[in-house]
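Chemist: Would you mind keeping the following structure in view while I ask a few things?
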Amino acid sequence: MSSLSSISALFLSGILVSNFVFVRFLGVPDMIASSPKTRTAVGAGIILTLLMTLASAVTWLLYGHLQAISELISLEILTFIIIILTLVYMTRFILSRLNPVLHKEYVSYMPALSTNSIILGATLINARESTSFLQAIASGFAMGMGVLFAFIIFSSVQQRLIYTKPPRALEGLPIFLISAGLISLVFSGFDGLFQLFIPR
Amino acid sequence: MTGIKTAAGSVHLQEIGQGLWGQNPLLRLGLGICTALAVSGSFRDSCYVGLVVTLLLMASNTVFAIFGGKVPQKLGLVFKITIIASFITAADGIMKIYYADIHQNLGIYLPLVAVNGLAIASSDAMSQHGSVASAVCIGLGMGLGYSGALLSLAIIREVLGTGSLGDLPVLPIGFSRILAMLHPSGAFIALGLLLGLFSFLKQLLSPEQESKESQI
């Protein structure tokens, strides 16, 4: 029972209280670069969620082994990055075999995934905070849902921004960042929802 | 002889200046946004991150200039990421031992410098057969440009949010602080306005060039 409630708390925290994009700033460039089409944004979010869950599981197991050999703990960044690269290329290969149409749609997006702060950030947070394998998987998935949520919200904001005409100096990236700031202000309203889960 | 030397020197100066203004990683290319947003709440942390980024770019560019030609094209990205991650691991370890409090503050955002595209962009900026000196200069320019942008963002946020810079009080006592500046939303809005100011200055200084760029 207690583990069930802690997992639901993890989900609330990952999606609302410490949303990956709007509160923890990870993946802001990916969100801004993502397409204003909601369908594509959802697809990118789902791929990211799957990769985050998978990477969280693999790296959490490995982190335990690194911890056992205490001198190797400082190598976490290097090993995590290499594991993520492997996973991204594997996913790309599997996707190209299973669903070539979907693969064609995301092939330009895939290389960006390997140098992506979202997946590395999720694995690093998990390695530091999770206490069990199940919790690591759940929290990876919850953080992924937070990213998906943020992508959906921001794609609708981008659809609105197409029809506005901001001052010339603010066109492009600046106006996207300011609108992201306003959404982030909404998310800071969830701050008191869980006293336990406020980041840092 | 001296003529050749000064010519080479001016080329290097141009490369540094390019990173500071024309190819500024944060303000012009939009790279390293997540680290900048997360760290700029505190001026002191930002100084250390700027230093780490500058040293990282210089070191990684040196390695790429020496060994880059010998690596097969297909493995280029993997090679670059591995080198960058190794340097970041070293920086993280040094921070952990000597500046433990700052390492605690930075948390996961120092390791994330490895994947935010800064170092890869600066390695792409150098030419295929450039000398080591020019690679170091490009790295130095981009690192200083990023640090400058990061520090100005940190100054804006810390002064408006706390009323003082470090221990030094800046704003008059009656001034009400803007607490939102210390929150995530303040980071987004401050960076957006800073980018807007930068592109406004850019348009003001060279309007013809800007219109040409937008036509392309």
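Just so you know, the sequences run in chain order A and B.
For the first sequence, my numbering begins at 229 and goes up steadily by one.
For the second sequence, my numbering begins at 79 and goes up steadily by one.
For every residue, glycine included, the Cβ atom is placed at its ideal position computed from N, Cα and C.
#1: What does the alpha-carbon distance come out to for the pair residue 264/B and residue 409/A?
#2: Can you grab the Cα-Cα spacing for the pair residue 155/B / residue 165/B, in whole Å?
#3: Identify the residues that DSSP records as bridge partners of residue 247/B: which are they?
#4: Determine the burial state of residue 94/B: buried for a count of at least 16 other Cβ atoms within 10 Å of its Cβ, exposed for fewer.
#5: Whose C-beta lies closer than 8 Å to the C-beta of residue 100/B among residues of the same chain, with five residues either side of it excluded?
#6: Report the residues of the segment 165-176 of chain B with a CB closer than 7 Å to any CB of chain A, ordered along the chain.
#7: Pull up the CB-CB distance for residue 283/A and residue 365/A, whole angstroms please, since I reckon it's below 8 Å.
#8: Which residue from 238/B, 149/B, 267/B puts its Cα closest to that of residue 406/A?
#9: Among 383/A, 398/A, 356/A, 400/A, whose alpha-carbon lies nearest the alpha-carbon of residue 411/A?
#10: Identify the contact partners of residue 138/B in chain A, using a Cβ-Cβ distance below 7 Å as the criterion.
#11: Does the segment 270-287 of chain B come close enough to the segment 383-402 of chain A to have 3 or more Cβ pairs within less than 8 Å?
#12: For chain B, check one thing: does any of its Cβ atoms lie closer than 8 Å to the Cβ of residue 383/A?
#13: For residue 192/B, which of 352/A, 335/A, 363/A, 421/A has the nearest alpha-carbon?
#14: Counting only beta-carbon separations shorter than 8 Å, does residue 344/A have a partner in chain B?
#15: Give the residues from the segment 113-135 of chain B that approach chain A closer than 7 Å (Cβ to any Cβ), ordered along the chain.
#16: Taking 8 Å as the threshold, find out whether the segment 223-238 of chain B comes into contact with the segment 108-118 of chain B through three or more Cβ pairs.
#17: Could you tell me which of 140/B, 125/B, 142/B sits nearest to residue 180/B, measuring between CA atoms?
#18: Can you give me the Cβ contacts of residue 428/A inside the same chain, cut-off strictly under 7 Å, excluding the 5 residues immediately before and after it?
#19: Which runs of the alpha helix (DSSP H) at least 4 residues long sit entirely within the segment 146-208 of chain B? Give them in chain order.
#20: For chain A, check one thing: does any of its Cβ atoms lie closer than 8 Å to the Cβ of residue 234/B?
#21: May I ask you to report which of helix, strand or coil DSSP gives residue 138/B?
#22: Name the residue from 290/A, 289/A, 276/A whose alpha carbon lies nearest to the alpha carbon of residue 316/A.
#23: Any idea what DSSP makes of residue 249/A, helix, strand or coil?
#24: Since residue 327/A is in the alpha helix (DSSP H), which residue starts that stretch and which ends it?
#25: Is there a Cβ from chain B that is less than 8 Å from the Cβ of residue 349/A?
#26: What residues in its chain sit with their C-beta under 6 Å from that of residue 188/B, if we drop five residues either side in the sequence?
#27: Around the C-beta of residue 293/B, are 16 or more other C-beta atoms found within 10 angstroms, so that it is buried, or is it exposed?
#28: Between which two residues does the alpha helix (DSSP H) harbouring residue 280/B extend?
#29: How do the segment 414-422 of chain A and the segment 235-243 of chain A stand: do at least 3 beta-carbon pairs fall below 8 Å, yes or no?
Modeler: The structure says:
#1: If you take the alpha carbons of residue 264/B and residue 409/A, they lie about 7 Å apart.
#2: 16 Å
#3: 242/B
#4: buried
#5: 106
#6: 166, 167, 170, 171
#7: Not a contact, Cβ separation roughly 11 Å.
#8: The shortest C-alpha separation from residue 406/A is found at 267/B.
#9: 383/A
#10: Going along chain A, no residue has its Cβ under 7 Å from residue 138/B, so there is no contact; the nearest lies around 13 Å.
#11: Yes, the segment 270-287 of chain B is in contact with the segment 383-402 of chain A.
#12: No, its Cβ sits nowhere closer than 8 Å to a Cβ of chain B.
#13: 352/A
#14: yes
#15: 115, 116
#16: yes
#17: Selected option, being the one with the closest Cα: 125/B.
#18: Here the model assigns residue 428/A a pLDDT of 42, short of 50, so the residue's position is not dependable and the matter cannot be decided.
#19: 154-176, 178-184, 196-203
#20: No - not a single Cβ of chain A is within 8 Å of the one on residue 234/B.
#21: helix
#22: 276/A
#23: coil
#24: Note, residue 327/A: premise wrong, no alpha helix (DSSP H); not H, not E.
#25: By the rule that beta-carbons nearer than 8 Å mark a contact, residue 349/A touches chain B.
#26: 170
#27: Note that residue 293/B scores 43 on pLDDT, short of 50, meaning its location in the model is unreliable; the coordinates nonetheless yield the value given after this. Answer is exposed; the Cβ neighbour count stays below 16.
#28: Note, residue 280/B: alpha helix (DSSP H), 262-283.
#29: yes
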